[in-house]
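A short worksheet on the structure shown next.
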Amino acid sequence: MKVRKELWFGFALMAVLVTAAVVMLLQAPVITHGHIGLLMLSLVVVAIMLGFPTAFTLMGMGMLFTWIAYERDSAKTLDLMVQAAYKVMANDVLISIPLFVFMGYLVERANLIEKLFRSLHLALSRVPGSLAVATLVTCAVFATATGIVGAVVTLMGLLALPPMLRAGYSVQVSAGAITAGGCLGILIPPSVLLIVYGATAGVSVVQLYAGAFFPGIMLAGLYVLYVIILAKLKPSVAPPLSAEDRRVPLPARLVQAGADGKARAVPGLLAALRGTGRHQVPALYLAGQLAVALMPLVLVLAVLGLSYRSVTAVPVVDAAPEMQQIGGGVTEAPAEPRDGLDEPPTDGLAEPPSDGALAEPPGASAPVGEAVPAAAAPVVAGPASAADGPVASGPSKVWWAVTAVALVAVLTFYLVLDFTRFEIFKMLLTSFFPLLILILAVLGSIVYGLATPTEAAAVGATGGLLLAAAYRQLTFTRVQESVFLTAKTSAMVCWLFVGSSIFSAAFALLGGQELVERWVLGMNLTKTEFLVLSQVIIFVLGWPLEWTEIIVIFMPIFVPLLDNFGVDPLFFGLLVALNLQTAFLSPPVAMAAFYLKGVAPKHVTLNQIFAGMLPFMAIQVLAIFLLYQFPAIGLWLPQMLYAK
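Anchor point for the sequence shown: position 309 equals 309 in the working numbering, and the numbering is continuous, going up by one each time.
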C-alpha cells in the first residue's frame with residue numbers, strides 16, 4: 001500500500017517527539033512529575049496524529065496522569081473531571097459558538113455565494129486578474145459570514161475554479177486564490193478561533209474581534225494586490241476577460257424604453273419617464289428603477305445630515321447633580337449601573353464596559369469620611385449650565401474633509417454609471433449588500449459595545465434565517481441540515497474544552513508548566529526571540545494538528561510565559577491567528593489543499609495546488625512581520641474603543 005508523504009512526515013515527527021521525551025527522562029538527574037508531564041504532552045500529540053479523537057484523547061490522558069499526580073487517588077481525579085466539565089458548561093459566552101456556526105451554515109446553504117461571485121466578477125471585470133480578485137473578495141465576505149474554512153474552500157472550489165480554468169488562468173493562481181481566501185475565516189471576525197483563544201487565554205472576545213479587524217483587511221488587501229501585480233506582469237497566468245464575458249444583458253423593459261448599455265443611467269431613466277407616451281413601459285417601473293439608482297445619493301445625504309446635526313449641537317451637561325461631598329472633598333457620584341450587556345466574568349471572557357472606561361473614576365473608591373486629594377477633584381470649566389441649552393459649534397475640518405470625499409465619490413459614481421454598470425449595481429444590491437449589512441450588524445454591535453458576542457451571534461443567526469427566507473431558500477431540509485451540522489461542530493468544540501481543561505489541570509499538577517517556564521527563562525531570550533520561537537513552534541504544529549488542538553493544548557503552556565516577556569495576550573492572539581493561517585497553507589499537510597483537491601477536476605494535481613499556495617504563504621509571513629513591526633495595526637482599534 002502506498003503511503004502518502006504527509007503520513008511519513010507525521011510518523012517522523014512522532015518519532016522525534018517520543019525520542020526527545022525519552023532522552024529528557026533519561027538525562028534528568030531525578031525524574032520528577034514535571035518530566036512525566038512532558039511525556040504526557042508528547043503522548044497526546046502522538047495519539048492525535050495516529051487518528052484518535054482529540055477531545056477524548058485529552059480527557060483520557062488527562063485523567064490517567066491526574067491519577068498519577070494525585071498519587072492514585074481516584075476520588076480526587078473524578079472530582080477534577082466533574083469540575084472541569086461543569087466549568088465549560090457554565091461558560092455563557094460559549095453560546096456564541098453554535099449561533100455563529102448556525103449562521104454560517106444557513107448562509108452557505110442559501111446559495112447566496114453563487115450570486116455574490118457572479119456580481120463581483122462582473123463588477124471587477126476591468127481589473128487585472130478580475131476572476132481571482134473576485135474570488136478573494138467573495139472568500140473574504142463568505143469567510144466573515146461563516147468562519148468555516150472547509151466550507152468556504154469547498155464551495156469556492158466548485159464555483160470559482162471551473163470559470164477560472166476556462167478563462168485561461170493557471171492552475172497555480174486559481175488554486176492559490178481559493179485556498180488563501182478560504183483561510184481568511186480563521187482571522188476575520190466573527191472567527192470561532194478567536195472565541196476559543198479568548199476562552200483559553202482569558203482575553204476579551206470583543207477586544208480580539210476589534211483587534212483582528214484591520215489585520216484581516218490588511219491580509220486580504222495584500223492578496224488582492226499580489227494578484228493584480230501578477231496579472232499585470234504575467235497576463236498569461238491570469239488573462240483579461242473577453243468582451244463577451246464582460247457583457248451584461250439589459251432587461252427587456254429598459255431596452256424597450258430606449259436604454260443603451262453605454263448611456264448614463266440616471267439621465268436615461270429621466271428621459272424615459274418624460275417620454276412614457278412613446279413606449280409601453282409603465283411609469284411606475286421606471287420610477288422604481290430611478291429610485292434604485294438614486295439610493296447611494298440618498299444614503300450619503302442622510303448620513304451627512306445626521307452627522308451634521310450631531311457635530312453642530314453639543315449639549316452641556318450640568319455637573320452639579322453628578323457631584324457629591326465626601327468628608328470635605330468633592331468627588332464624582334457613583335456611576336450608574338450598566339444596562340446588563342456585559343457577559344459574566346467567566347474565564348476572562350467578560351466584555352469591556354460599553355462606555356469604553358476600564359478604570360474607576362478618580363476618588364470613587366475613597367472610604368467615606370476621608371478627604372479626596374485635590375488632584376482627584378474634577379474641574380468644571382466655564383459658567384455654562386444645563387439651562388443654557390446646547391452650545392452651537394461648527395463642524396470640524398475632519399467632517400468637512402469626509403463630506404467632500406463622500407460627495408466626490410458619489411459624483412464620480414453617477415458620472416460612470418451607465419446602464420451596464422447599473423445592472424451590475426442591482427446584482428450587487430441583491431447579493432453583496434445584504435450579506436454586508438448582516439456582517440456589519442453583527443460586528444458593529446460587538447465592536448461598539450451595543451451587544452455582547454452572544455447577543456450579536458443571536459442577531460446573526462436571525463439574520464441568516466431572514467436572508468434565507470428572502471431568497472426563498474428557507475426549507476425544512478436546509479434548516480435541518482444546518483441544525484445537525486451546528487450541533488455536531490458545537491459538540492466537538494465543547495468536548496475539546498472539557499478535554500483541554502482536564503489536560504491543563506493534569507499538566508499543571510505534574511509541574512510540567514513550571515518545568516517549561518524554567519527551561520524557557522533559562523535560555524535568557526529577548527522578547528523578539530521568544531515571539532519568534534513560539535511562532536515557529538506553532539507553525540510547525542500547524543502541519544499535523546488542527547487549529548483547535550493547537551489552541552486548547554499549547555496555548556495554556558504559552559500564555560503564562562507572556563508576562564515574563566512583556567507580551568500582550570491580545571497581540572499574541574493576533575499573531576497566532578495569522579500564523580495558523582500560514583500553517584493551513586504549508587505543505588505537506590495543508591488542509592486547505594485537500595479540501596480543494598476533493599472538488600477539483602481530475603487533471604488538477606496536489607502538487608499544483610501546493611505550488612499555488614506557496615506565494616500566498618509568503619504573503620502571510622509578510623503580514624506577520626508587518627503586524628510585529630507595527631502593532632498598532634491590531635491594537636489601535638481596541639485601544640481607541642476600550643482604552644485597552
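We put the CB at the ideal spot given by N, CA and C, even for glycine.
From a predicted model like this one, the values you see are computed outputs, not experimental measurements.
Problem - Inside the segment 103-178 only - alpha helix (DSSP H) runs reaching at least 4 residues - result: 112-123, 130-146, 149-159, 161-166
Exercise for the section: Quick one: using the 10 Å Cβ neighbour count with 16 as the cut-off for buried, is E529 buried or exposed? Expected result: exposed
Exercise for the section: Report all residues from its chain with a CB closer than 6 Å to the CB of Q289; omit the five preceding and five following residues, and keep chain order. Expected result: L269
Problem - Cβ neighbours of K87 in the same chain (closer than 7 Å, five flanking residues each side left out) - result: S501
Exercise for the section: Output the distance between the C-alpha atoms of L208 and L120, rounded to the nearest integer angstrom. Expected result: 29 Å
Practice task
Have a look at G198 and A457 and give me their C-alpha separation to the nearest angstrom.
Solution key: 16 Å
Practice task
Report all residues from its chain with a CB closer than 6 Å to the CB of P601; omit the five preceding and five following residues, and keep chain order.
Solution key: none
Handout entry: Euclidean distance between Cα positions of L436 and V153
Key = 20 Å
Practice task
Consult DSSP for D260 and reduce its assignment to one of helix, strand or coil.
Solution key: coil
Practice task
Take L645 and list the residues in its own chain whose beta-carbon comes closer than 6 Å to its own, dropping the five residues that flank it on each side.
Solution key: Only positions 1 to 644 of the chain appear in this structure, which leaves residue 645 out of reach.
Exercise for the section: Go ahead and label R109 buried or exposed: buried means 16 or more other beta carbons lie within 10 angstroms of its beta carbon, across all protein chains shown. Expected result: buried
Exercise for the section: Can you tell me which of Y471, R421, L407, P249 puts its alpha carbon nearest to the alpha carbon of P434? Expected result: Y471
Handout entry: Buried versus exposed, by CB contacts within 10 Å (16 or more), M427
Key = buried
Exercise for the section: Could you please give me the residues that DSSP links to D418 through a beta bridge? Expected result: R264
Problem - Minimum Cβ-Cβ distance from G566 to chain D less than 9 Å - result: Protein chains in the displayed structure number just one, and chain D is not present.
Problem - Continuous alpha helix (DSSP H) stretch holding P249: start and end - result: Run containing P249: none; DSSP gives neither H nor E here.
Problem - Cα-Cα separation between Y226 and G612, rounded to whole angstroms - result: 13 Å
Handout entry: Assumed close pair I722, L541 - CB separation to whole angstroms, cut-off 8 Å
Key = Only positions 1 to 644 of the chain appear in this structure, which leaves residue 722 out of reach.
Handout entry: Residues near N579 in its chain [Cβ-Cβ closer than 6 Å; skip 5 each side]
Key = Q535, I538, F539
Exercise for the section: Compare the C-alpha of L429 against each of M295, A506, A505 and name the closest. Expected result: M295
Practice task
Assign S396 to one of three DSSP states: helix, strand, or coil.
Solution key: coil
Handout entry: Boundaries (first-last residue) of the alpha helix (DSSP H) holding M523
Key = Looking at the DSSP string, M523 is not in any alpha helix (DSSP H), and its letter there is neither H nor E.
Problem - Three CB pairs or more closer than 8 Å across the segment 123-132 and the segment 236-246 - result: yes
Exercise for the section: For my contact list, T138 and A177 are in at a C-beta cut-off of 8 Å; report their separation, rounded to the angstrom. Expected result: Contact doesn't hold; Cβ gap of about 10 Å is too wide.
Practice task
Return the residue from the list L450, V292, T486 that minimises the CA-CA distance to A461.
Solution key: T486
Practice task
Inspect the beta-carbon positions of I633 and L641 and report whether they are closer than 9 Å.
Solution key: no
Problem - Nearest candidate by alpha-carbon position, reference L417, set R274, D260, W495, A272 - result: D260
Problem - Own chain partners of Q172 with C-beta closer than 7 Å, once the 5 adjacent residues on each side are dropped - result: Q608, A611, G612
Exercise for the section: Going by CA-CA distance only, name the one from R253, V149, I68 that's closest to E546. Expected result: V149
Exercise for the section: Classify V516 as helix, strand or coil using the three-state DSSP reduction. Expected result: helix
Exercise for the section: Give a yes or no on whether the C-beta atoms belonging to F419 and K232 are separated by under 9 Å. Expected result: no
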